[in-house]
Amino acid sequence: MNKNAVGGHDGRVGDLAGDAGCSSNQEIKTTDDRTIVTDGKPKVDSDTGLVSYKDAHTGRTEQINRDKITNMSELDN
Numbered sequence: 001m002n003k004n005a006v007g008g009h010d011g012r013v014g015d016l017a018g019d020a021g022c023s024s025n026q027e028i029k030t031t032d033d034r035t036i037v038t039d040g041k042p043k044v045d046s047d048t049g050l051v052s053y054k055d056a057h058t059g060r061t062e063q064i065n066r067d068k069i070t071n072m073s074e075l076d077n
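First residue of the sequence shown? That's 1 in UniProt numbering, and the numbers climb one at a time after it.
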């Protein structure tokens, strides 16, 4: 896993399946300037390119295409 790809300087989203046991909330920045706060760590489906996450504000499970994500970073919980 290339950890620099997640929230790194190049702005791409890499594989988020690593680091077992880590369930910190994440902040997702989107190409349309939205900020999404997740409850726990999002999961990437490499076959479809979709990122699944639980929205920290609504509690609903949502999906977003990883092409729509500009940056993802772990929040201090």
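Idealized CB from N, CA, C, for every residue including glycine.
Please report the residue range of the beta strand (DSSP E) in which residue i lies.
i     : result
Asn71 : Ile69 to Glu74
Ser23 : Ser23 -> no beta strand (DSSP E), and no H or E assigned at all.
Closest to residue i by CA distance: which of the options is it?
i     : options                       : result
His57 : Gly40, Asp32, Ser23 and Thr30 : Gly40
Thr38 : Tyr53, Met72 and Thr31        : Tyr53
Asp47 : Asn71, Lys29, Arg66 and Leu75 : Arg66
Thr70 : Lys43, Asp76 and Arg34        : Arg34
Applying the criterion that 16 or more other CB atoms from any shown protein chain within 10 Å of the CB defines a buried residue, is residue i buried or exposed?
i     : result
Arg60 : exposed
Gln63 : exposed
Do residue i and the ligand SAM come close, with the Cβ less than 7 Å from some heavy atom?
i     : result
Ile69 : This structure simply doesn't include the ligand SAM, nor any ligand for that matter.
Is residue i helix, strand or coil when you go by DSSP?
i    : result
Gly8 : Because Gly8 carries a pLDDT of 42, less than 50, the predicted location of this residue cannot be relied on, and the following value inherits that uncertainty. Correct three-state label for Gly8: coil.
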